[in-house]
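Notes for the one structure printed next.
Number of protein chains: 4
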Amino acid sequence: MDLSPRDPVWNTRVRNSFAAQDFMTHLGAELVHLAPGAVDIELKMRRELTQQHGFFHAGATSSIADSAAGYAALSLFAADFGVLTSEYKINLLNPANQPVLLARGRVVKPGKTLTIAKADVYGLDDGLQVHVATGLFTLVSVSGVKD
Amino acid sequence: MDLSPRDPVWNTRVRNSFAAQDFMTHLGAELVHLAPGAVDIELKMRRELTQQHGFFHAGATSSIADSAAGYAALSLFAADFGVLTSEYKINLLNPANQPVLLARGRVVKPGKTLTIAKADVYGLDDGLQVHVATGLFTLVSVSGVKD
Amino acid sequence: MDLSPRDPVWNTRVRNSFAAQDFMTHLGAELVHLAPGAVDIELKMRRELTQQHGFFHAGATSSIADSAAGYAALSLFAADFGVLTSEYKINLLNPANQPVLLARGRVVKPGKTLTIAKADVYGLDDGLQVHVATGLFTLVSVSGVKD
Amino acid sequence: MDLSPRDPVWNTRVRNSFAAQDFMTHLGAELVHLAPGAVDIELKMRRELTQQHGFFHAGATSSIADSAAGYAALSLFAADFGVLTSEYKINLLNPANQPVLLARGRVVKPGKTLTIAKADVYGLDDGLQVHVATGLFTLVSVSGVKD
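If you read the sequences in order, they're chains E, D, L and W.
Taking our numbering as reference, the numbering of the first sequence is continuous, increasing by one, and the terminal residue is 197.
Taking our numbering as reference, the numbering of the second sequence is continuous, increasing by one, and the terminal residue is 197.
Taking our numbering as reference, the numbering of the third sequence is continuous, increasing by one, and the terminal residue is 197.
Taking our numbering as reference, the numbering of the fourth sequence is continuous, increasing by one, and the terminal residue is 197.
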């Protein structure tokens, strides 16, 4: 599997695009790791992110999983292509109320049009790690979209 | 398909549980329709909900789809059972930047333990309706969880 | 949604391609309905299609769902494009051991590169109809592939 | 993650159940590896398994992935519980026409009612290995079903 970036400034491009996702800012998500085909995003527990039982809402968990998978894909795209999520599936394995949620997005198969990525989400609590969710994502590269 | 509620106060219960989802409040989502096995949730466009191109973030779209599907399921649960999302899959059909996003959650197959629901999300703009996303959800009924 | 076929001989093309799927022949599947964006495939119960409890194997159910969705998509493709399944998700709603299984593939969103389709599978028994499965499919149009 | 079998004769039970899947016999599939929470199933290329371009039909690929995931789950079930697939999602990564298709089912999260498993399918050709598909599966343990 070839995970060489095609855009020399892929690193800056991914970071700038992430910073431009107002939704990630609204959730309080941070990009904490970036390598070709690999992006980690972290979310700290806040009441604003919970569902009715005090766990992270599946939507919050999925949102950072989606961004992690999407930016893992974008890191491999050529300079003039943007990224859109075409579809994804996610299994919520355990209810999560840890202080930190970490989503690890990894490219499974890069492609010119379609890139397949996976994301695993972990709840981190004082050295303990719980597998919170696992998902599969299809990302589309869109020409002429600034990312 | 039997869509009779088993809890006489299902209506109040779903509304109270939705009101207790701080994440929905944080997004600005509103429960706009409620019937046995059917829940609609609406989200008004705000910059805080967008990704890098100014469209609704897939995570925001999925979040209201998930809550709509989950509450459609909960509306049919017995009094002492709560709802958790086990997994879902969503296809993002069109990028969405309409003033209003409407998620329609509908139960496909009710069950004692597992309920299958679908959700369709539409972008609404001055009478025009765009099909933004479609998804399938597995909801679990959890005993002893207050909802 | 525009469901106009782009290939004047779409009907013959879909039927010929289905006839060339040796796997469908091996299962005993028949194409029983064909319209632009809509294909129904039928499977008669045989012991060779069952799992360990005597129900249709999820793989058999999924296979006709996949072909129904794929050919619903192909019916709308231009003449020199073939169809491949990129991904799908399927929920098995009820165990099926009816005499006939019917998969209804319908295009949800046609597209130049990606077409999204759904398929619902029903078990038919003497006028009774059970909803056996529901799925969502992403189909890719591939140029230069004869179909 | 606890992958201890709860049934002392789990090994025999999984092998007998697989042997009772007439559909697997019809496809020519073989169970080639079995450990607690892990099952590999192999399929040799035959014309009867192909779609219209001569590749393995997505339905054949998915069928062995489903059985591999299902039996990986069953290997951990207590003695009087059978296994049913509730839902799955699969991404077809590469068209496959290798001599051998190998599906590796692995439990991701065991559970009393729901078990989540993944399956990866590889095309094997003279030492070369191509990643053909990856999927996520929800398996249900059903009491009183002989498996």
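Beta carbons are placed, not taken as given, at the ideal position from N, Cα and C, and that holds for glycine.
Between the alpha carbons of residue 69 of chain L and residue 194 of chain L lies a gap of roughly 20 Å.
Taking C-beta atoms as the reference points, residue 63 of chain W and residue 129 of chain W count as a pair closer than 9 Å.
Within chain D, the residues 139 and 186 have their CB atoms less than 7 Å from the CB of residue 139 of chain L, given in chain order.
In the three-state DSSP reduction, residue 147 of chain L falls in the coil class, being neither helix nor strand. If the five residues before and after residue 144 of chain L are omitted, its C-beta is found closer than 6 Å to the C-beta atoms of 180 and 182, all from its own chain and listed in chain order. Scanning D/114, D/58, D/178 and D/73 for the CA closest to the CA of residue 149 of chain D turns up D/178. In this structure, residue 93 of chain L lies near residue 110 of chain L, with their beta-carbon atoms less than 9 Å apart.
Across the structure, residue 173 of chain E and residue 105 of chain L are spaced so that their CA atoms are roughly 39 Å apart. At a cut-off of 9 Å between beta carbons, residue 147 of chain D makes no contact with chain L. DSSP places residue 103 of chain W outside both helix and strand once states are collapsed to three, so it counts as coil. Per the DSSP secondary-structure output, residue 159 of chain E pairs in a beta bridge with E/166. Note that the C-beta distance between residue 122 of chain D and residue 135 of chain E is not below 9 Å.
Per DSSP, residue 53 of chain L lies in no beta strand (DSSP E) and is assigned neither H nor E.
For residue 169 of chain D, there are no C-beta contacts with chain E under 9 Å, since the nearest C-beta of that chain is about 12 Å from it. Straight-line spacing of the CA atoms in residue 60 of chain E and residue 147 of chain D works out to 27 Å. Rounded to whole angstroms, the separation of the alpha carbons of residue 72 of chain W and residue 196 of chain W is 16 Å.
The distance from the Cβ of residue 125 of chain L to that of residue 84 of chain L is about 7 Å, consistent with a contact at the 8 Å cut-off. In terms of CA proximity to residue 86 of chain E, E/167 leads the group E/167, E/190, E/185 and E/103. If you look at residue 117 of chain L, you'll find it isn't in any beta strand (DSSP E); it sits in the alpha helix (DSSP H) that goes 108-124.
W/88 is the residue among W/185, W/88 and W/117 whose C-alpha sits nearest the C-alpha of residue 55 of chain W. Taken through DSSP and simplified to helix, strand or coil, residue 85 of chain E comes out as strand. Residue 157 of chain D is positioned such that its CB atom lies closer than 9 Å to that of residue 51 of chain D. Relative to the Cα of residue 91 of chain D, the nearest Cα in the group D/98, D/117 and D/76 belongs to D/117. The C-alpha of residue 82 of chain L lies about 28 Å from the C-alpha of residue 141 of chain D. Boundaries of the alpha helix (DSSP H) harbouring residue 73 of chain L: 72-77, taken from the DSSP string.
In this model, residue 57 of chain W and residue 67 of chain E are separated by some 51 Å (Cα to Cα). Spatial neighbours of residue 154 of chain D in its own chain (CB-CB distance under 6 Å, excluding positions within 5 residues in sequence) are listed in chain order as 90 and 170. The bridge partners DSSP lists for residue 154 of chain D are D/90 and D/170. Using a Cβ-Cβ cut-off of 9 Å, residue 136 of chain E counts as an interface residue toward chain D, since at least one Cβ of chain D sits closer than that to its own. In the DSSP assignment, residue 69 of chain L falls within the alpha helix (DSSP H) that extends over 60-69. Within the region 82-111 of chain L, 97, 98, 99, 100, 101, 102, 103, 107, 108, 109 and 110 place their CB atoms closer than 7 Å to a CB of chain W, listed in sequence order. In the same chain as residue 114 of chain L, and ignoring 5 residues on each side of it, the C-beta atoms closer than 6 Å to its own belong to 79, 91, 93 and 153, in chain order. For the C-beta of residue 158 of chain L, the chain D residues within less than 9 Å are, from N- to C-terminus, 141, 143, 181 and 184. Taken atom to atom, the span from the alpha-carbon of residue 185 of chain D to that of residue 99 of chain W is near 30 Å. Under DSSP, the beta-bridge partners assigned to residue 185 of chain L are L/140 and L/169.
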